[in-house]
Amino acid sequence: MPPKRFLSLWFPHLAAERLLRVERGLGPGPLAVVGERGGAQVLVSLSPEAQAQG
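In structure tokens:
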């Protein structure tokens with residue numbers, strides 16, 4: 684049997700870039716997508732502008 688192969692992809696800006704494309708009312712500038720995990724708010728995705736600003 685041939686060895687199994689795994690592929691792992693990481694798209695750090697995917698959620699933020701998707702929102703910027705879909706939500707026409709969002710203006711230009713930094714964007715942070717926040718989600719809830721384990722009862723705490725966490726950053727899920729940042730736009731490249733938001734990441735550059737820290």
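If you want my numbering, it's the position in the sequence shown, counting the first as 1, plus 683.
Idealized CB from N, CA, C, for every residue including glycine.
The three-state reading of DSSP puts L690 in coil, since its state is none of H, G, I, E or B. Counting other Cβ atoms within 10 Å of its Cβ, S691 stays below 16 and is therefore classed as exposed.
Sequence-distant partners of L714 (beyond 5 residues in either direction) whose C-beta falls short of 8 Å from its own C-beta, in its chain, are A699, L702, L703, L729, S730, E732, A733. Linking K687 to W693 through their CA atoms gives a straight-line distance of about 20 Å. Note that the C-beta distance between V716 and V727 is below 8 Å.
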